[in-house]
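**Q** Have a look at this one.
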Amino acid sequence: MSIALDILILGVTWTHAVLSPYTKVEESFNLHATHDILMYGITPDKLNNYDHFIFPGAVPRSFVGSLILAWLSKPFLGIASTSGWVSSKMDIQILLRLVLATLNALVLCLTRRSVSRRFGRLTGLYFAVITCSQFHLPFWMGRTLPNMFALMPVNFGTYLLLSRAPNSTKPSPRNTHLAIGLLTSTAVILRSEVVLLLVPIIFQALASGYTRFTSIFRVGLIAGLTSLALTVVVDSYFWQRWPLWPELVGLYFNVYEGKSAEWGVSPAHAYFTSFLPKLLLSAYPLSIIGALADGRIRELLFAPVVFINLISALGHKEWRFVIYVVPAFNIAAARGARWLAGMRKGSLFCRLCFLAVMGMIAANCAVTFIHTHASMENYPGGVALSRFNDRYSSTDNVHVHISNLAAQSGASLFLHAHAPPYPPYLGVPNASHWTYDKTESLDAKALTASAHITHVIAESTSDFDLQRTWALVDSIPSFDRWQLNLDVLKKGAGLDGLLGLVTMVQSDKLYILERR
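Under mature numbering (1 follows the signal peptide of the UniProt record, and there is no 0), the residues of the sequence shown are numbered -17 to -1, 1 to 499, in order.
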């Protein structure tokens, strides 16, 4: 059963990565950094080819996570290319995402095993099922957001603090020190908000006698200085700016200068009333039941709840800033589900409690199915560039301009199939002299005046002369919304008809144009 649950966690994360292979703009820095490391190498004479010098973003991000992902992926790329599983650059993107998903999933498997040891096998079973029935965590674990790189060490820290005998009142000092060291390094290198989770963990460790202050100080100092040296050396080199500490720059820009507010401000309660319900689904109420039923769960949730309260002080809020607490809440939800489903059988109330737990998990699955289906149709840029590559695969000297929406919704560097660099294990295609142009702020008039541009992936055709200058080759529909069709119930169409109760509405988002 234990191995089967591990396979389930791995399988669900892999399925999400394969069903939705394209990426969005928020994933692009780490994805393209990994692309450049693999394709060009890391020698000084190759750095001028790197994408981040062309599109640097609002603040610099660390290359450390991308370096590690590229290094870990290389052996698998060798095996996959030899076996014929990798035949395009896009296949490399999928493999990279599978490697990242696997790393995050393996840490979740360790967490599930520690849950089984401490709370019982049934609670471990519920943890696996609840986690896999949700959408956001399994879907995003294989996506190259900086938060997903940080998720792995944070979750491993949770595993270390949780891993103990069922009736033990505290983790070992060794596990405590390792967890604090990991979270310190993660905050310094990958995501500075993790320090807000580290603070209550340290407080809890001192208040509960897990370890001594001097030991925590020594561990934090060593981990902090080592991580600081690593990120400054690595990122100063790749960004060609000395000295550079990306997370400090981001903290200054977003918090001290308050620039993050330009992306929107949410009320203080938003994490508890909006983002956590979206992340956890029915695990949210189950986690409350778990906390009420078991004092060990209240101890487990102390740091995550304090963390959410602390980060709520920042005006700009996003679900990814609190993704790290989802496994802890899922453990609480699993304990709550076990308590409800394990009540003495016989009474109607107990049976209803069991059915309620099963219904909540089924509701999770239904919501996840809807979100997954929508996500599969929500990357028009990736679909458009894939279609374009296939359609003109035998045409050379193509110059295609890629609009902002296309670039932000899937048209990554891994889809530049007919332009260098070409890894040796793929070879050079017959049509190999293409230019993929992502120059921003070019309107239809400027694109038409640029005679060297042969094709355009545009967001609209209204400003293009489709009669004389341009020909519409293809249009790419994408997800708009879900539509409820209540007429199906009135017609009494049976089970087949009920499948049409909710239908996806799509509209054309991108257009492939060819110069006449």
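A virtual CB, placed ideally from N, CA and C, is assigned to each residue, including glycine.
1) DSSP three-state label for His119, please.
2) For a test of the three-state rule: what should DSSP assign to Ser392, helix, strand or coil?
3) Would you call the CB atoms of Ser49 and Thr17 closer than 8 Å?
4) Can you check DSSP and say which residues form a bridge with Ser486?
5) Report all residues from its chain with a CB closer than 7 Å to the CB of Leu234; omit the five preceding and five following residues, and keep chain order.
6) Between Val232 and Val178, what straight-line distance do the alpha-carbon atoms span, to the nearest angstrom?
7) Alpha carbon to alpha carbon, how far is His15 from Phe332?
8) Only counting runs of 3 or more residues, tell me where the beta strand (DSSP E) segments fall wholly within the segment 330 to 365, in order along the chain.
9) Helix, strand or coil for Ser377, going by three-state DSSP, please let me know.
10) Nearest-angstrom Cα distance between Val305 and Ile291?
11) With C-beta atoms as the reference, is Leu396 less than 8 Å away from His438?
12) Look at the alpha carbon of Val90 and the alpha carbon of Arg96, and state the distance between them as a whole number of angstroms.
13) So what does DSSP say about Lys242, is it helix, strand or coil?
14) Return the bridge partner residues of Leu144 from the DSSP annotation.
15) Hey, could you find the ends of the alpha helix (DSSP H) Ala162 is sitting in?
16) Distance, Cα to Cα, Trp453 vs Ser257?
17) Straight-line CA distance for Gly298 to Leu388?
18) Does DSSP put Val411 in a helix, in a strand, or in coil?
19) In the DSSP assignment, find the alpha helix (DSSP H) that holds Ile(-15) and state where it starts and stops.
20) If you draw a straight line from the C-alpha of Asp28 to the C-alpha of Leu368, how long is it?
21) Mapping DSSP to helix, strand and coil, what is Thr418?
22) From the DSSP output, which residues share a beta bridge with Val69?
23) Can you tell me whether Lys7 is helix, strand or coil according to DSSP?
24) If you draw a straight line from the alpha carbon of Asp218 to that of Phe36, how long is it in whole angstroms?
25) Start and end of the alpha helix (DSSP H) containing Ala206?
26) Let's test the definition: count the other Cβ atoms within 10 Å of the Cβ of Val381 and tell me whether it reaches 16, buried, or not, exposed.
27) With respect to the alpha helix (DSSP H) encompassing Ile37, which residues constitute its N-terminal and C-terminal limits?
28) If we count the other Cβ atoms within 10 Å of its Cβ and call it buried at 16 or more, is Tyr254 buried or exposed?
29) For Trp225, does the three-state DSSP call read helix, strand or coil?
30) Looking only at C-alpha atoms, which of Ala133, Trp246, Asp277, Thr114 sits nearest to Asn150?
31) Using CA atoms only, rank isn't needed, just tell me which of Phe59, Leu21, Ser66, Val112 is closest to Ala(-14).
32) Does the segment 157 to 167 come close enough to the segment 186 to 195 that 3 or more CB-CB pairs lie under 8 Å?
33) What three-state label does DSSP hand Arg126 in the structure shown?
34) Would you please state the rounded distance, in angstroms, between the beta carbons of Val82 and Leu52? I believe it to be under 8 Å.
35) Based on Cα-Cα distance, which residue from Pro121, Gly103, Leu108 lies nearest to Leu86?
36) With Glu442 and Ser386 assumed to form a contact (beta carbons below 8 Å), what rounded beta-carbon distance in angstroms separates them?
**A** This is what the structure holds:
1) helix
2) coil
3) yes
4) The sequence as given places Thr at residue 486; Ser does not occur at that position. For Thr486, which the question treats as bridged, DSSP gives the partners Gln466.
5) Ser175
6) 15 Å
7) 54 Å
8) none
9) coil
10) 7 Å
11) no
12) 10 Å
13) helix
14) Leu144 pairs with nothing; no bridge assigned.
15) 156 to 172
16) 46 Å
17) 27 Å
18) coil
19) -16 to 2
20) 30 Å
21) strand
22) DSSP output for Val69 lists no bridge partner at all.
23) coil
24) 13 Å
25) 196 to 222
26) buried
27) Ile37 -> no alpha helix (DSSP H), and no H or E assigned at all.
28) buried
29) coil
30) Asp277
31) Val112
32) yes
33) coil
34) 7 Å
35) Pro121
36) 5 Å
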